[in-house]
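A short worksheet on the structure shown next.
Chains as they are written, first to last, in our numbering: chain A, 1 to 458; chain B, 1 to 391.
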């Protein structure tokens, strides 16, 4: 196994080399290319100052050298193994040295520092998104496959295809417009990852008195328990009635929360939410119903506790961060979720109809066991393969999401870098995102061996 | 090809076509695309400040026709030629040749004969009408051009739908005061054009590279796969951004670049198909008969492996349209022409949120992408033998 991993890691080097070469050629071959002139263009300098600045940049970054030499120099700087030069530019030796990603033209700071600030943010977004989409997608996809041709399957296919086709720009713009701007519902923050004050808050939420904490826990537990019991015990008609009532109330509350709401909103929102909630309550799918109704009960309980309890509540750093991340994560997740759920459905369906599944059923294995122990395990393989291609997609998605929600992650940095023709930054971001993508492929291949005992890399 | 073989081939493709067209999803998708194509072709007639017809001191003029460009004429000719060729019984490549010739002729004739005025004053018609110069005027359904900023009206910029009683804007106005619906109608040309041309380029590249990889396998395959891997390991959006930021923002460059960054997916599909097909007897027979390589690759193998490529192409058009919208949204799109993505980005750019700028252009992107996805889905269902068995 370790030799396989080592070989794969070594094979990444030529690919990474190729990636940076492609991007460098694009930059160097473009009209104007990357030169000191384009760097200081449009600053309206005096000719002498212009000349001096050009010379300075040329000396600093070697921009007047031929392009292949520039690329080789960059490569030498980046690779941990390479030539070392002394002060006069003579070769001093060849060997291991530190790898240096250079200095950003625009920010005037080492690229490594910039990336060290930005990458964790993008990774945080993706780390929250990936497990979320996998869990929901598997729940929906497996159910759709077992219910093939029935209402859930048809409904979910239409919904998934629709979700998959919604451009994330549209979703992001609508979400930020309706749920974050103060024109409509000012529920979420419009930009950034934290409020200014949140940096001084303690990490976890904090209450004024112990009684409030107790009240919160009691209310949350009671709310959840009531709705869970309803979800499990009540017949479908009463469940739909209960949830419909909750939806209606929520719709009215939402319309009231809108400043200057037109009268139509009082009709439209309660109707929409009521029908949606009733549909959730009426759903045959136990697992999803329990989760949905349980979380609604939890939210109602928390809401009750907040309205009953006294003040002195400090949300804390964590809640504030989550509150800021909610819309971006939803915006990043829904498209990949739809894609993944469709894939799960196909994979499970294929295996459900396979001969071995029929054999297991004929032996008398219960259907749930056929599904989860036989079929599901085999259906995991395509889901794992997709993990590798999901990662670059999510990285690209972060570009849009970070731009809309003004999150200072790597995606936003990438857009700024190409817009300002920041050579070192563009190359480094290419290198890093290429590396992340290739690591994704590697992880997918390793997981493959875990899920499928027939695959071994020894 | 014998008659029997031809019949068989036709019946297979006809069967697939019937099956695709039978699915309601594909019908809806196709209907939307056709509607959009019609709108794109007739855009200068649908939304224009130039009246269709007007009578001035007894003489009848048509400013719309006077302002047609060579490009408009080419599109109209293509549309008419397709309509006529649709019913004719001719080989496909002959139809293509006739279409190409007609479009080229129209372009040349249009370039030679049409002299649309360089400076367009959109306000003149409204002012003249108010002054009572015209006897009667027949306006376009949407009497605003995409770049008509309504300077004569005074208060312009960012008005909601139907906010103004005299100047009715069905979908409001954008920040400079131009009509949103008119801009959307004219932007449909960009969306459709980008989708088709970029996918065409990607498909041609993918078929050639993937075909060579699959057919020769061995060392060609290894090198080719590394190339594919390299292009796939760079996030496509990022490569696009780099290209566009460094090479300027022309529509044609954008088409070429989206095509250039999308080919690895097709290459993978084609390679898999060719790997499967190259050991088939009919391919061996073709090689043994001494048929030239290009003919073996593209006339014998390709038609048999084209189905999955077409499915991928349908999804590819959707993602090309999305790619253009994303670039425009990020401020790297076309500078002077309206595009759906650029309009969408205007929805949040100003200090307030303008729902009509988000909902209408965004909805157009969504519906177009959905339409192509629906067509792709039903095509995939139609050619998938496994699904048929399980149905």
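C-beta atoms are modelled at their ideal positions from N, C-alpha and C, and glycine is treated no differently.
What you are looking at is a predicted structure, and each value in this text was computed from that prediction instead of being measured.
- Query: In the structure shown, what three-state DSSP assignment does residue 103 of chain A receive?
  - Reply: Position 103 of the first chain holds residue 103 of chain A. Residue 103 of chain A falls in the strand class under three-state DSSP.
- Message: Let me check understanding here. Comparing Cα to Cα, which of B/290, B/323, B/206 lies closest to residue 310 of chain B?
- Response: Along the second chain, one-based indexing puts residue 310 of chain B at 310. Residue B/206 is the option with its Cα nearest to residue 310 of chain B.
- Message: Given this structure, state the Cα-to-Cα distance separating residue 320 of chain A from residue 198 of chain A, to the nearest angstrom.
- Response: Locating residue 320 of chain A in the first chain gives position 320, counting from the first residue. Locating residue 198 of chain A in the first chain gives position 198, counting from the first residue. If you take the alpha carbons of residue 320 of chain A and residue 198 of chain A, they lie about 7 Å apart.
- Task: Check whether the Cβ atoms of residue 211 of chain B and residue 274 of chain B lie closer than 8 Å to each other.
- Result: Working through the second chain from its first residue, we reach residue 211 of chain B at position 211. Working through the second chain from its first residue, we reach residue 274 of chain B at position 274. Contact: yes.
- Determine the direct distance from the alpha carbon of residue 175 of chain A to that of residue 170 of chain B, and round the result to whole angstroms. Here residue 170 of chain B refers to the residue found at position 170 when the second chain is read from its first residue. Here residue 175 of chain A refers to the residue found at position 175 when the first chain is read from its first residue. Rounded to the nearest angstrom, the two C-alpha atoms are 23 Å apart.
- Task: Classify residue 453 of chain A as buried or exposed, calling it buried when 16 or more other Cβ atoms lie within 10 Å of its own Cβ.
- Result: Here residue 453 of chain A corresponds to residue number 453 of the first chain, with the count starting at 1. Classification for residue 453 of chain A: exposed.
- Excluding sequence positions up to five away, which residues of its chain have a Cβ less than 8 Å from the Cβ of residue 242 of chain A? Position 242 of the first chain holds residue 242 of chain A. Contacts found: 230, 234, 281.
- Query: Are the beta-carbon atoms of residue 115 of chain A and residue 434 of chain A separated by less than 8 Å?
  - Reply: On the first chain, residue 115 of chain A is found 115 positions in, with the first residue counted as 1. On the first chain, residue 434 of chain A is found 434 positions in, with the first residue counted as 1. For residue 115 of chain A and residue 434 of chain A, no; Cβs fall outside 8 Å.
- According to the neighbour-count rule (16 or more other Cβ atoms, all chains shown, within 10 Å of its Cβ), is residue 125 of chain B buried or exposed? The residue you call residue 125 of chain B lines up with position 125 of the second chain. When all chains shown are included, residue 125 of chain B counts as buried.
- Item | Runs of alpha helix (DSSP H) lying entirely within the region 66-124 of chain B, each at least 4 residues, in chain order | 70-87, 92-113
- Item | DSSP three-state assignment for residue 457 of chain A, whether helix, strand or coil | Your numbering for residue 457 of chain A matches position 457 in the first chain. The answer is coil: DSSP assigns residue 457 of chain A none of H, G, I, E or B.
- Message: Measuring straight from C-alpha to C-alpha, what distance separates residue 85 of chain A and residue 69 of chain A?
- Response: On the first chain, residue 85 of chain A is found 85 positions in, with the first residue counted as 1. On the first chain, residue 69 of chain A is found 69 positions in, with the first residue counted as 1. About 15 Å.
- Contact set between residue 355 of chain B and chain C, taken where Cβ atoms lie within less than 7 Å: Going by chain labels, chain C is absent from the structure shown, which instead holds the protein chains A and B.
- What do you reckon, are the CB atoms on residue 233 of chain B and residue 321 of chain B nearer than 8 Å? Along the second chain, read from residue 1 onward, the residue named residue 233 of chain B stands at position 233. Along the second chain, read from residue 1 onward, the residue named residue 321 of chain B stands at position 321. No.
- Query: From B/120, B/104, B/236, B/134, pick the residue whose C-alpha is nearest to that of residue 58 of chain B; which is it?
  - Reply: What you label residue 58 of chain B is simply residue 58 of the second chain in a count that begins at 1. Closest by alpha carbon: B/134.
- Message: Among the candidates B/31, B/260, B/331, whose CA atom is the shortest distance from the CA of residue 194 of chain B?
- Response: Position 194 of the second chain holds residue 194 of chain B. If we check each option's Cα against that of residue 194 of chain B, B/260 comes out closest.
- Could you tell me which uninterrupted alpha helix (DSSP H) segments, each at least 4 residues in length, are contained entirely in the region 150-201 of chain A, listed from first to last along the chain? 151-165, 168-175
- Is residue 235 of chain B close to chain A, meaning its C-beta is less than 8 Å from at least one C-beta of that chain? As a first step, residue 235 of chain B must be located in the second chain, where it is residue number 235. Closer than 8 Å to some Cβ of chain A, the Cβ of residue 235 of chain B qualifies, so yes.
- With 8 Å as the threshold, decide whether the Cβ of residue 106 of chain B is near any Cβ in chain A. What you label residue 106 of chain B is simply residue 106 of the second chain in a count that begins at 1. Cβ-Cβ to chain A under 8 Å: no for residue 106 of chain B.
- Message: When you compare the CB of residue 35 of chain B with every CB in chain A, is at least one pair closer than 8 Å?
- Response: Start at 1 with the first residue of the second chain, and residue 35 of chain B comes out as number 35. It does not: the Cβ of residue 35 of chain B has no partner Cβ on chain A nearer than 8 Å.
- Closer than 8 Å to chain A by CB, residue 341 of chain B: Working through the second chain from its first residue, we reach residue 341 of chain B at position 341. Yes, residue 341 of chain B counts as interfacial toward chain A.
- Query: Can you tell which of A/136, A/437, A/172, A/2 has its C-alpha closest to the C-alpha of residue 459 of chain A?
  - Reply: Given a span of 1 to 458 for chain A in the structure shown, any question on residue 459 of chain A remains unanswerable.
- Item | Amino acids of chain A, ordered along the chain, whose beta-carbon sits closer than 7 Å to that of residue 27 of chain B | Walking along the second chain from the start, residue 27 of chain B turns up at place 27. Simply none; closest approach about 15 Å.
- Message: Bridge partners for residue 314 of chain A per DSSP, in chain order?
- Response: Here residue 314 of chain A is taken as the residue at index 314 of the first chain, counted from 1. According to DSSP, residue 314 of chain A bridges with A/206.
- Span of the beta strand (DSSP E), counted from its first residue to its last, around residue 113 of chain A: To locate residue 113 of chain A, count along the first chain from 1; it is residue 113. It is not in any beta strand (DSSP E) - residue 113 of chain A instead sits in the alpha helix (DSSP H) that spans 111-146.
- For residue 385 of chain A and residue 280 of chain B, the rounded distance between their alpha carbons: Here the question's residue 280 of chain B lines up with position 280 in the second chain. Here the question's residue 385 of chain A lines up with position 385 in the first chain. Those two C-alpha atoms are separated by around 29 Å.
- Task: Express the C-alpha separation of residue 363 of chain B and residue 66 of chain A in angstroms, rounding to a whole number.
- Result: Here residue 66 of chain A refers to the residue found at position 66 when the first chain is read from its first residue. Here residue 363 of chain B refers to the residue found at position 363 when the second chain is read from its first residue. Each residue's Cα considered, the two are about 48 Å apart.
- Check whether the region 215-230 of chain A touches the region 251-270 of chain A, taking contact to mean three or more Cβ pairs, one atom from each stretch, closer than 8 Å. no
- residue 459 of chain A versus residue 187 of chain A: straight-line alpha-carbon distance, rounded: What is shown of chain A runs 1 to 458, which leaves residue 459 of chain A out entirely.
- For residue 52 of chain B, does the three-state DSSP call read helix, strand or coil? On the second chain, position 52 is the one that residue 52 of chain B refers to. Residue 52 of chain B: coil per DSSP, three-state reduction.
- Task: For residue 1 of chain A, count neighbouring C-beta atoms within 10 Å of its own C-beta (all shown protein chains included) and say buried if the count is 16 or more, exposed if not.
- Result: Counting from 1 along the first chain, the entry for residue 1 of chain A is found at position 1. Residue 1 of chain A is exposed by the Cβ-count criterion.
- Message: Among B/93, B/119, B/214, whose alpha-carbon lies nearest the alpha-carbon of residue 296 of chain B?
- Response: Stepping through the second chain from its first residue, residue 296 of chain B is reached at position 296. Cα-wise, what sits closest to residue 296 of chain B is B/214.
- Message: Output needed for residue 236 of chain B: all residues of its chain with C-beta closer than 6 Å, excluding positions within five of it in sequence on either side, in chain order.
- Response: By 1-based counting over the second chain, the position of residue 236 of chain B is 236. Result list for residue 236 of chain B: 261, in chain order.
- Say whether the region 333-340 of chain A touches the region 154-174 of chain A, bearing in mind that this needs 3 or more beta-carbon pairs closer than 8 Å, one atom from each stretch. yes
- Can you name the start and end residues of the alpha helix (DSSP H) that residue 271 of chain A belongs to? Here the question's residue 271 of chain A lines up with position 271 in the first chain. That run of the alpha helix (DSSP H) goes 263-282.
- Task: State the DSSP-derived secondary structure class of residue 342 of chain B, mapped to helix, strand or coil.
- Result: Indexing the second chain from 1 puts residue 342 of chain B at position 342. Correct three-state label for residue 342 of chain B: helix.
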